[in-house]
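Quick notes on the structure that follows.
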Amino acid sequence: MTDGFMGPPWQADWTTEAEDNRNALPGQARALVDAARAELVTVTDPYFRGVDADRDLPPGMSVEPVQSTRPSGEHVLYFDHGRGWPRYHFAPRTTDPQIVIDECFWQ
């Protein structure tokens with residue numbers, strides 16, 4: 211246990227469906243998903259709040275909330291120039307903050 215809020219790297223959990231979808235992808239696409247996940251778990255703020263907060267992401271990656279009216283809700287991290295994405299939400303608990311990935315898609 212820590213005395214305060216924990217920071218990155220964040221724990222990331224996959225729903226069964228998202229993990230099955232990731233595992234069904236070709237090897238090259240799985241590598242892209244893994245790179246996107248690595249960016250996600252090491253970022254200071256998984257919600258990418260603020261103007262140009264995602265500018266430090268590698269080329270071809272960007273983040274946006276699923277609903278603009280819920281900036282602390284689910285987000286989508288696009289990779290491969292928008293060809294794929296994991297949809298996730300962040301549970302900012304004090305003792306065990308984590309990212310939950312509930313959708314994984316690549317076309």
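Add 210 to the 1-based position in the sequence shown for my numbering, that's all there is to it.
Note that the Cβ used here is the ideal one computed from N, Cα and C, for glycine as well.
Going by beta-carbon coordinates alone, are residue i and residue j separated by less than 8 Å?
i           : j           : result
residue 218 : residue 254 : yes
residue 250 : residue 316 : no
residue 222 : residue 240 : no
residue 312 : residue 293 : no
residue 309 : residue 268 : no
DSSP state of residue i, grouped into three classes?
i           : result
residue 284 : coil
residue 261 : coil
residue 211 : Legend: pLDDT at residue 211 = 47, less than 50; position of this residue unreliable, no value from coordinates given.
residue 308 : strand
residue 222 : strand
residue 294 : strand
residue 234 : coil
residue 273 : strand
residue 315 : strand
Beta-carbon within less than 8 Å of residue i's beta-carbon, same chain only, minus the 5 sequence neighbours each way: which residues are those?
i           : result
residue 260 : none
Rank the options by C-alpha distance to the C-alpha of residue i and give the top, closest one.
i           : options            : result
residue 283 : 292, 258, 270      : 258
residue 285 : 279, 311, 275      : 275
residue 273 : 279, 224, 295      : 295
residue 289 : 252, 242, 305, 279 : 242
residue 291 : 302, 238, 270      : 270
residue 265 : 303, 278, 287      : 287
For residue i, which residues from the same chain have a beta carbon less than 6 Å from its beta carbon, with the 5 sequence-adjacent residues on both sides left out?
i           : result
residue 224 : 311
residue 228 : 311, 312, 313, 314
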